[in-house]
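Presented below is the structure to which this report refers.
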Amino acid sequence: MKQVIDRTIVEWDVNKNALNMRKHGISFETAALVFADEERIEYYDELHSVEEDRYIVIGRVHGILYVVYTMRDEAVRMISARMATARERKVYYGE
Numbered sequence: 059m060k061q062v063i064d065r066t067i068v069e070w071d072v073n074k075n076a077l078n079m080r081k082h083g084i085s086f087e088t089a090a091l092v093f094a095d096e097e098r099i100e101y102y103d104e105l106h107s108v109e110e111d112r113y114i115v116i117g118r119v120h121g122i123l124y125v126v127y128t129m130r131d132e133a134v135r136m137i138s139a140r141m142a143t144a145r146e147r148k149v150y151y152g153e
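In the working numbering, the protein residues as written are 59 to 153.
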């Protein structure tokens with residue numbers, strides 16, 4: 059599937075989306091909306107960037123979400139999405 063959010067192309071595998079929904083209760087369609095949050099926090103995920111470069115974005119969509127993605131050509135490719143932990147929410151709020 060593919061969606062454009064604020065000029066950002068976001069794509070994902072439908073099977074991976076279904077798995078993420080079962081595991082975390084968050085669809086990639088919903089999670090893609092973090093890219094419209096002007097206050098979002100993005101950073102490189104050094105720990106998990108072994109086989110591919112991975113990035114983390116924390117942003118507001120029906121609460122604060124924690125989203126992991128990689129880049130494929132010009133598109134954001136979703137890996138996982140979940141509600142942010144208390145610690146991750148503090149990062150978002152700058153605490």
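From the three backbone atoms N, C-alpha and C, an ideal C-beta is built for every residue, glycine too.
message: Ignoring anything shorter than 3 residues, give me the beta strand (DSSP E) runs that lie fully in the region 111 to 137, in order along the chain.
response: 113 to 118 and 122 to 130
query: Are there 16 or more other CB atoms within 10 angstroms of the CB of Tyr124, so buried, or fewer, so exposed?
result: On the sequence shown, residue 124 is found 66 positions in, with the first residue counted as 1. It is buried - the Cβ of Tyr124 has at least 16 other Cβ atoms within 10 Å.
query: Alpha carbon to alpha carbon, what distance is there between Ile99 and Lys148?
result: Position 90 of the sequence shown, counting from 1, holds the residue named residue 148. Position 41 of the sequence shown, counting from 1, holds the residue named residue 99. Using only the alpha carbons, I get a separation of about 11 Å.
message: For Arg80 and Ile114, I'd like the C-alpha separation in whole angstroms.
response: Here residue 80 is taken as the residue at index 22 of the sequence shown, counted from 1. Here residue 114 is taken as the residue at index 56 of the sequence shown, counted from 1. Spanning the two alpha carbons is a distance of roughly 21 Å.
field: N- and C-terminal bounds of the alpha helix (DSSP H) containing Glu146
entry: In the sequence shown, counting from the first residue as 1, residue 146 sits at position 88. Note, Glu146: alpha helix (DSSP H), Ala144 to Tyr151.
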